[in-house]
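Going by UniProt numbering, the first residue of the sequence shown is number 1, and it counts up by one from there.
The beta-carbon is built from N, C-alpha and C at its ideal position, and this holds for glycine as well.
In this text the structure is predicted, and so the values were computed from the model without any measurement.
Please read the structure below before turning to the comments.
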Amino acid sequence: MVQYVFTPWRDRQELLRVRRQLYPRPPPPSNDNSPAAPAPVDAAENAEKHRAIARVLMWTHRGGCPHMVESTALLMAAILQDGATGARGRGRGSSAAAEDYAVLAAYLTAFTRFVTGLLDSHQEKQRKLSMYGVAKTIGLPAAFVELRHQATHEPLPSLAQLRSAARKALVWIWDYYWKNLSEDDEGLHRDDGSKEQRGEESAEEEGEETEKACREVLMGYLQADEADSENAAGRKDELMRALTKWDQGTVLRVLASIGDTTRDNGLLLRSLRLSRGILTSAPAEDESGLEMRDINSLKHEMEESREAVRQPTEEDTAMAEDAVQEPEEAQGPAWSRYEGTWVPKPIGVV
């Protein structure tokens, strides 16, 4: 049975693009015991990180955003807010305390949500495990659990502790989640989807050029002087040979477009006869009989001709009916009357 996985991102390349924006350079391994140093400030990289955080926020509103992706955005947002506050300059007195407290709250929220949500998602329903036990099974450092416990139940940790823990958490998330994403198709979309967009635009332009060439051939035949009956058969054979370059649907679509846009009744009649001949491969009807009809009815007939191409055949309809027909047992009622005398039984008696 086919199982569908719904993701908040449009395609895998969008997720990989967010990874490149959040991690411009792969961080060092998380087993490195050296203290996590702050990355050098780069205005362009920070702008890309802000765009990635905004996109992750959009994913969370859509629903189904993985916890690791959301935690990465929260931790990165706290680090960016801390850096922006430091670059802007601390205030004085109560203003400086309020700014530090706001940054502290951002770190606390991001870090505690990261640890708690990750460990809760690995809890067993039958047997409750301690957070330290779950952290050991998934390789989460015990220091993260201790800092989460301190931030929740004890005096708040210092801002320096939270800064270092947030950077280490981002490195751990990289090794645990982001690094394992496949990069097979990433190189095809280094330009943030511009190649894909150019491919779609080129396909549309190619389709327009195809219809334009087909229209020129058809208009050349339809606008020819019909008084020259001697060369009519030759022109018809030449047209049919030229139309073999395009499929029948394209030719009928261009003929319908010509009939819808023209104001020349003669051109409309000739396009109708040609489309009918393509559909039925029958000899064309005499123009004198067609001229007696109303133009609106002719347009209606052309519309019916186009619908005939799109309608399924009788064989397809029969196959569809056989596929959806339910067995006779399923067509009856979902319940039936009990036969015999009903005898009540006390609860618990088999």
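| Asked | Found |
| --- | --- |
| Less than 8 Å between the C-beta atoms of Gly-64 and Phe-6, yes or no? | yes |
| Which residue's Cα is closest to the Cα of residue 382: Val-145, Ala-96, His-153? | Look at the range of the chain in this structure, 1 to 350, and you will see that residue 382 is not part of it. |
| To the nearest angstrom, how far is the alpha carbon of Met-58 from that of Pro-26? | 25 Å |
| Mapping DSSP to helix, strand and coil, what is Lys-212? | helix |
| With three or more beta-carbon pairs closer than 8 Å as the criterion, would you say the segment 205-220 touches the segment 249-264? | yes |
| Would you report the Cα separation of Leu-239 and Val-251, rounded to the nearest angstrom? | 12 Å |
| Which two residues bound the contiguous alpha helix (DSSP H) that contains His-153? | 142-153 |
| From Arg-263 to Thr-210, what distance separates their C-alpha atoms? | 24 Å |
| Beta-carbon within less than 7 Å of Tyr-23's beta-carbon, same chain only, minus the 5 sequence neighbours each way: which residues are those? | Trp-174, Trp-178 |
| On the three-state DSSP scale, how would you describe Ser-182? | coil |
| Between the segment 159-167 and the segment 9-21, do three or more beta carbon pairs fall short of 8 Å? | no |
| Does Phe-6 come out as helix, strand or coil in the three-state DSSP assignment? | coil |
| Is it buried or exposed for Arg-148, if we count other Cβ within 10 angstroms and need 16 for buried? | buried |
| With a 10 Å radius around its C-beta and 16 neighbouring C-beta atoms as the bar for buried, classify Arg-270 as buried or exposed. | buried |
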